[in-house]
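J.:
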Amino acid sequence: WTALLDLLLKCGVWEHLVSIWLPKLTKVLSYDNSPFRSLTICSASSSLSSSDQETWTSWFNIDHPGGNGDYERLDAIRFYYRSRVCPSPIQIEARTTDWVPATSSGQVVHSSVHEGFWCLNKEQPPGQTCFNYAVRSLAGNSKLVWSSWSTWSSCSGKCGQAGVQTRRKTCLADTFMDPLCNMTCSRGWVNADCSACFCQEHLLHGTIALQDGAPAAGARLYLQAKPSKFLTESGHSGTFEVPGVCPDGKTTLQIKKSKYATAVITLSESAENYSAVRIYLKRAEKPYMTMHPENKARREGQSMSFCCHATGNPPPDKYLWFHNDTLLDPALYKYKSNLILKNLKMNQAGRYFCKTSNEAGSVKSKSATLSLTGKNQAPCDSRPESYLIRLPHDCFQNSTNSFYYDVGRCSPTTCSGTLREGFWCKDTITYCCGVSKMETWDITCAGYTLPIKVARECACQKCTEVKVTVRGRAVASDTGEPMRFGHIYMGNNRISMTGYKGTFSVQVPPDTERLVLTFVDRLQKFVNTTKVLPFNRNGGAVFHEVRMLRKKPPITLESTETNRISLGEMEGEDPIAELEIPPNTFYRLNGELYAGKVKASVTFLDPRNVSGATMAQSDLNFVDAEGDMLPLRTYGMFSMDFTDEMATESLNVGQVKVHLDSAQIKMSEHLQGMKLWSLNPQTGLWEEEGDFELDHSRRGKREERTFLVGNMEIRERRLFNLDVPENRRCYIKVRAYRSERYMPSEQVAGVVVSVINLEPSPGYATNPRAWGRFDSAVTGSSGVCVPAFCDDQNPDAYSAYVMASLGGEELEAVASSPQLNPFTVGVPQPYLNKLKYRRTDHLDPNVKKTAFRISVAKPTPNMADESNGPIYPYEKLHACEVALPSAAHFRFYRVEGDKYDYNTIPFNEDDPMNWTEDYLAWWPKPMEFRACYIKVRINGPLELIVRSRNTGGTHPRTVGQLYGIRDVRSIRATGHPNLSTACLEFKCSGMLYDQERVDRTLVKIIPQGSCYRESVNNMLHDYLVNHLPVAVNNDSSQYTMLAPLDPLGHNYGIYTVTDQDPRTAKEIALGRCFDGTSDSSSRIMKNNVGIALTFNCHERDTREDVFQSLRNVPKVLREMQEASSKGQ
């Protein structure tokens, strides 16, 4: 057989046979004992004697002399005969089909070792055309070296049907060296591509493992060259062998596997003929933006830079910058992760963002705005905008027929201040428009004059520095049990812990765009919970209640058997899905196969239970291939924990099947888009794990129905999601107010507004009881725009529950019954009817009034009644954010107790950025707020208003001048008709804004009735006497003191708390005052504990109730508001 083959090859018959029969073969079998095993079909030279120093290929004839001539080009020959042609021939020989050499044919011919042979008819003598030529090439001293055969692929046909199996081997090297190659090798010789060195005697053995040590089957190895060359594929155990690669310290290999980052290794220099390597693959991570460009303001002609930065695996290294959605030319701007703009022109103002990518995906930064002003233009509008504050109850203004006074304010927008030239990512000093000039006015009240400072001029000045905080508590979703002393992580760093009552407080790092926190229960009673918590970027604290899902009790599985676990336990309903875990797929963390009993805890969050929406992990967003953040609609989340029988070691799981009941997918278009997702706890984003496919072979027990089948692996991530990307999106505009007056100046910032997106309503082919998404956002000075699903074809397609809370206290929504008032709701007709607004107590007055439900009807284009809110298309987010207070919006209001605050220097506690530098500021430091309360007991049958009047006491710049007034109503003691108590705020003593000298605030405590002072706390009296000076107390109807400098406690009846947020400081101090302790808190007044002052008030007050007078706002004011709203 060998002699016959040699004869066939040398005579050129073998190629002829192959060209005839090879296309007709459907399957080629090869056995280890086959006489053809060493035959290389891609090159005849490999079967020739090794003593041949020069090897000719077969004769090839692929063209005929018709047309323009005869063309026997090497690239065409390679196309038909592939590697049977030498890669780098050193000689070309041609002959006619009559065996006449081309050089003896008498015709004009051409040849090249790079291009081949050709003969042109137009170059021949008149009346003569080219002969029919055949060519062959000389490979010279060439020797091909091949890899071993790969394993056979799976049969393409199903059982009982014809199919195809394939296997491959790769040409590793050719010893021929191109004369143009200038590469040298310290060991071995250069391969044919002149891209790497080849060492025939060397064998590389390797093992590829995943990050947890499990074998990485099916990983592909490439020689890093130009172009890269495939070498082999790892087997089921993750092992591989590659002959011929050189251990010269230069040979570099790439290892690629789906969902894992490409690993790159360089073989260490060695003189041995055997090398072994172990390679670990890390999960590929999409880029995640850690630095976003910041808003900047400049003057025309100045320079600046924007910066962004992203992490990922592999790290992204190429960035693109966009201006108003148009790509900036990289060659022109020469940017990387920073964009430098010099000699700015006015047309360069606008929005800028960056985009970066790696092999796993892309990401875009948030947009930053570049504001430009002309060289001679003022950076700020010098005219303050209107800002109304409420006056005390005894200061009704006849001129405006109201209790409100316009004090003006300057919007703290970024402006171009005095900056040193430079290209910093973050300006060393930020400038904002603020109050530069104030005037003092005196307001006539009942029996006294009230001083007030009014903004008269705005200018560009340094922005107020503030601290941003989130706080809250982590509790069980079922019982309210606190997660005590749990760990809180930001990325991989543990940054805080929860307290005994589950409370927590986290300061938000500067430049944070998304605050992603993971709550971990040390006792493992609750599922690890990752939340994206919104915060108030203008400073202050936002309260969040984190609802923890309790883990399911573990069940015991046999690792050597197939196990099935149902997902979804709604009574009377089928499970949404089922997990199928094949036998022998559990692994230890070191990659070893685990055989034994397994403790499995699988906890499923069923969207058919609407009460579970607040337990949703993260914010249900993902980043698409273009880098845009988009929403998901969930069909269920599940957390999985597997341990050994003793619950001492976590286990990983290989391929797991998820069977999703298609009957649970009510929207048919979602069947095609359904995917499996896993949560990245570092970024709070969901990342795709795999697709679902229809599996008609699996049937339900009760009825014929199909399932969707998906596959996943359970390794470093344990939280998964059954989700569909949803593109029908809108925004809902919501504002929160201090009272039912809904005054624009009384809007409350820092309110957490949450939206539960429900499945489409009945009649839209789906289950109305399920939720699909949960979103939260925090109100600012202009309310908030919360995302929600919507539909422009059917107004009833999607509905949503909307609720709001402030500091853990639920706010009330506007009533919808007994009569729906569009003016009060904030949405005009007929759009309001289309939205079907209903407060939760619409049908049952016993239900709480703290939420409303609407049909999220997308506004109809070109309809004026629907173009101004409260629902905005997704692409009109900016229009939603900057909408005027007169534009349509939904409303919540805070049910305030009977209290009132007045500051001579106006200050909105919800927005610390509006703090004004002044000696009379109630809060002298914008980054540290100290709240002080005194507890006052009233002996008498009435609940009375108690006032604190706070003036400068010892500081020469403020002595005798008013800081502010506080009013509060006393609370009657349960079971004691002649006893009530009040916790009253007063201004703490301390440094003023210049931090140069202390002021002991002069505080007067005045019950608003016929009262006399009965007693003073002995410890408080002794403290004040021993800390001079002492205030004069000649009037027995009130009490005067110079406020203590020290933070006294409940034994003195004084309660002091310092915090980075004014509202938080007041809330904690007030809670301690109610409780009468220095370390606890209560919302129920304890009337006989921790008292500072006692007054006797027996005479009935005949004056109008203070806060009733505030409720009785003259009809003129309301009519003016209503007329103004209708006019706009």
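Heads up: the sequence shown at position 40 corresponds to 40 in the UniProt record's numbering, and the numbers run straight through without jumps. Note that beta-carbon positions come from the ideal geometry of N, C-alpha and C, so glycine has one too.
Rounding to the nearest angstrom, what Cα-Cα distance links Trp56 and Gly238 in this structure?
T.: Computed Cα separation, rounded: 41 Å.
J.: Taking all protein chains shown into account, do 16 or more other C-beta atoms lie within 10 angstroms of the C-beta of Phe485, making it buried, or fewer, making it exposed?
T.: Phe485 is exposed by the Cβ-count criterion.
J.: Assuming the contact rule is C-beta atoms closer than 8 Å, Glu689 and Leu676 should be a hit. Round their C-beta distance to whole Å, please.
T.: Yes, they are in contact, since the Cβ atoms of Glu689 and Leu676 sit about 4 Å apart, within 8 Å.
J.: Applying the 10 Å Cβ sphere with the 16-neighbour rule, what's the burial state of Leu843?
T.: Looking at its Cβ environment, which holds fewer than 16 other Cβ atoms inside 10 Å, Leu843 is exposed.
J.: Which runs of the beta strand (DSSP E) at least 3 residues long sit entirely within the region 422-498? Give them in chain order.
T.: Within the region 422-498, the complete beta strand (DSSP E) runs of at least 3 residues are 431-444, 449-462, 468-476, 487-490 and 493-497.
J.: In chain order, what residues of the same chain lie with their CB nearer than 7 Å to the CB of Ala813, ignoring the 5 residues before and after it?
T.: Arg839, Lys849, Thr850, Ala851, Phe852 and Phe892.
J.: Closest by CA to Asp910, which one among Gln1060, Leu341, Cys415 and Ser337?
T.: Answer by Cα proximity: Gln1060.
J.: Hey, how far is the Cα of Ala284 from the Cα of Gln254?
T.: For Ala284 and Gln254, the distance between alpha carbons rounds to 14 Å.
J.: At a cut-off of 7 Å, would you count Ile265 as near the ligand NAD, judging by its Cβ distance to the nearest heavy atom?
T.: Absence of the ligand NAD from the depicted structure is noted, as is the absence of any ligand whatsoever, leaving it without description.
J.: Is it a yes or a no for the region 287-301 touching the region 408-423, going by three-plus beta-carbon pairs under 8 Å?
T.: Output reads yes: the region 408-423 touches the region 287-301.
J.: Could you check if Met637 is buried or exposed, using at least 16 other CB atoms within 10 Å of its CB as the buried criterion?
T.: Burial call: buried.
J.: Considering His878, what are the terminal residues of the alpha helix (DSSP H) in which it resides?
T.: Element bounds for His878: Leu877 to Glu881.
J.: Terminal residues of the continuous alpha helix (DSSP H) containing Leu391?
T.: Careful: Leu391 lies outside any alpha helix (DSSP H) and carries neither H nor E.
J.: What separation, rounded to the nearest whole angstrom, lies between the Cα atoms of Lys364 and Pro315?
T.: Spanning the two alpha carbons is a distance of roughly 15 Å.
J.: Taking the DSSP output, what are the residues bridged to Cys354?
T.: DSSP lists Trp321 as partners of Cys354.
J.: Tell me the rounded alpha-carbon separation between Asp1022 and Val998.
T.: Roughly 21 Å between the two C-alpha positions.
J.: Between the alpha carbons of Gly235 and Cys308, how many angstroms are there, rounded?
T.: Spanning the two alpha carbons is a distance of roughly 41 Å.
J.: Got a sec? Which residues, its chain only, sit under 6 Å from Asn583 by beta carbon, not counting five neighbours each side?
T.: Here residue 583 turns out to be Pro, not Asn, going by the sequence shown. So the qualifying residues of the chain are Thr560, Glu561 and Thr562.
J.: Tell whether a beta-carbon distance below 8 Å holds between Gly869 and Leu942.
T.: Cβ distance not < 8 Å, so Gly869 and Leu942 don't count as in contact.
J.: Please classify Ile555 as buried or exposed, where buried requires at least 16 neighbouring CB atoms within 10 angstroms.
T.: The residue is exposed, with fewer than 16 neighbouring Cβ atoms inside 10 Å.
J.: Whose C-beta lies closer than 7 Å to the C-beta of Asn757 among residues of the same chain, with five residues either side of it excluded?
T.: Trp771, Gly772, Arg773, Ala788, Phe789, Tyr798 and Ala800.
J.: Applying the 10 Å Cβ sphere with the 16-neighbour rule, what's the burial state of Phe79?
T.: Its Cβ having fewer than 16 others within 10 Å, Phe79 is exposed.
J.: Taking the continuous alpha helix (DSSP H) assigned at Asp1022, which residues delimit it?
T.: Its alpha helix (DSSP H) spans residues Asn1018 to Asn1026.
J.: Runs of 3 residues minimum, wholly inside the region 891-962: which ones carry the beta strand (DSSP E) assignment?
T.: With a minimum length of 3 residues, the continuous beta strand (DSSP E) runs that stay inside the region 891-962 are 899-903, 929-939 and 945-951.
J.: Rounded to the nearest angstrom, how far is the Cβ of residue 1131 from that of Pro1062, given a contact under 8 Å?
T.: Beyond the ends of the chain as shown, which are 1 and 1128, falls residue 1131; an answer cannot be given.
J.: Could you tell me which of Val602, Phe604, Thr585 and Leu605 sits nearest to Gly596, measuring between CA atoms?
T.: Nearest of Val602, Phe604, Thr585 and Leu605 to Gly596, Cα basis: Thr585.
J.: Here's the rule: buried if 16 or more other CB atoms are within 10 angstroms of the residue's CB, otherwise exposed. What is Trp99?
T.: Burial call: exposed.
J.: Thinking C-alpha only, which one of Ala577, Leu579, Glu578 and Val598 is nearest Tyr587?
T.: Checked all of Ala577, Leu579, Glu578 and Val598; the closest Cα to Tyr587 is Val598.
J.: Using the Cβ count rule (16 or more neighbours within 10 Å means buried), how would you classify Ala663?
T.: Per the 10 Å Cβ criterion, exposed.
J.: So for Cys199, helix, strand or coil by DSSP?
T.: DSSP places Cys199 in strand when its eight states are reduced to three.
J.: Mapping the DSSP letters down to three states, classify Pro682 as helix, strand or coil.
T.: In the sequence as displayed, the identity of residue 682 is Gln instead of Pro. Coil at Gln682, not helix or strand.
J.: Would you mind reading off the limits of the beta strand (DSSP E) that contains Asp223?
T.: The amino acid at residue 223 is misidentified as Asp; the sequence shows Leu. Unbroken beta strand (DSSP E) run through Leu223: Arg220 to Leu223.
J.: Considering only residues of the same chain and omitting the five flanking positions on each side of Leu694, which have a CB-CB separation below 7 Å?
T.: The answer, listed in chain order, is Thr706 and Leu708.
J.: When you compare only the Cα positions, how much space is there between Asn908 and Lys552?
T.: If you take the alpha carbons of Asn908 and Lys552, they lie about 46 Å apart.
J.: Quick check on the DSSP output: the alpha helix (DSSP H) that includes Thr530 runs from which residue to which?
T.: Taken as a continuous stretch (DSSP letters only), Thr530 belongs to no alpha helix (DSSP H), being part of the beta strand (DSSP E) at Thr529 to Val532.
J.: Write down every uninterrupted run of the beta strand (DSSP E) in the region 546-631 whose length is 3 residues or greater and which is fully enclosed by it, in chain order.
T.: Fully enclosed beta strand (DSSP E) runs of 3 or longer: 555-558, 563-567, 577-581, 597-605 and 621-623.
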